[in-house]
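If you're matching positions, the sequence shown starts at 1 in full-length UniProt numbering and goes up one per residue.
Ideal placement from N, C-alpha and C gives every residue a C-beta, glycine not left out.
Notes to accompany the following structure.
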Amino acid sequence: MKSQAIDLEESLIADGDALERLAAAALIVATRVMQLVHGRGAAGQAFRAARLFSPTEITVLQALITRLEGKTQKQKNPHPVHTLAWAAWCIARLGGWNGYAKERPPGPVTFSNGLKRFHAIAEGFALANPN
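Rendered as structure tokens:
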């Protein structure tokens with residue numbers, strides 16, 4: 001994640017407090033990404049998506065699922081709805097993973113890319129639905 005995300009060593013921030021805040025933000029993002037990596041399979045079915053996502057974000061995931069799933073059964077999200085594995089599958093698809101179970105599972109970079117895209121979509125959703 002260091003070379004493909006925040007890269008604190010190359011940061012132009014000179015203020016120590018600001019650098020600390022940047023490191024804390026990077027730690028939060030990295031923790032969320034690793035929770036998705038570990039929750040991507042059967043292990044993630046034991047946890048609710050609400051552990052990682054707000055109710056609004058879960059609504060956005062539900063709205064996205066029809067666009068992320070393919071036409072064949074192999075391209076459908078195989079996990080129970082509202083579980084961490086279900087949400088991880090959605091985020092991985094947004095990150096560029098093809099969704100086939102026989103393919104290599106998504107890793108931290110895929111989840112990081114997917115989270116960036118998801119946050120942009122969720123922000124647009126929040127702007128369109130201000131309640």
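Opening and closing residue of the alpha helix (DSSP H) in which Q62 lies: As a position in the sequence shown, residue 62 is number 62, starting the count at 1. Q62 -> alpha helix (DSSP H) spans 55-68.
Counting only the same chain and skipping the five closest in sequence on each side, list residues whose C-beta sits under 8 Å from that of V33. In the sequence shown, residue 33 corresponds to position 33, counting from 1. M1, P108, F111, S112, L115, listed in sequence order.
Which of helix, strand or coil does DSSP assign to R48? Stepping through the sequence shown from its first residue, residue 48 is reached at position 48. Residue state, collapsed to three classes: strand.
Could you have a look at T72 and say whether DSSP puts it in helix, strand or coil? Here residue 72 refers to the residue found at position 72 of the sequence shown. In the structure shown, T72 sits in coil (DSSP, three-state: anything other than H, G, I, E or B).
Taking the continuous alpha helix (DSSP H) assigned at D17, which residues delimit it? Within the sequence shown, residue 17 is the residue found at index 17, counting from 1. First-last of the alpha helix (DSSP H) with D17: 16-38.
Rounded straight-line distance, which links the Cα of A23 to that of Q75: Stepping through the sequence shown from its first residue, residue 75 is reached at position 75. Stepping through the sequence shown from its first residue, residue 23 is reached at position 23. In a straight line, the C-alpha of Q75 is about 37 Å away from that of A23.
Outcome for P106 when other beta-carbon atoms lying within 10 angstroms are tallied against a minimum of 16: In the sequence shown, residue 106 corresponds to position 106, counting from 1. The residue is buried, with at least 16 neighbouring Cβ atoms inside 10 Å.
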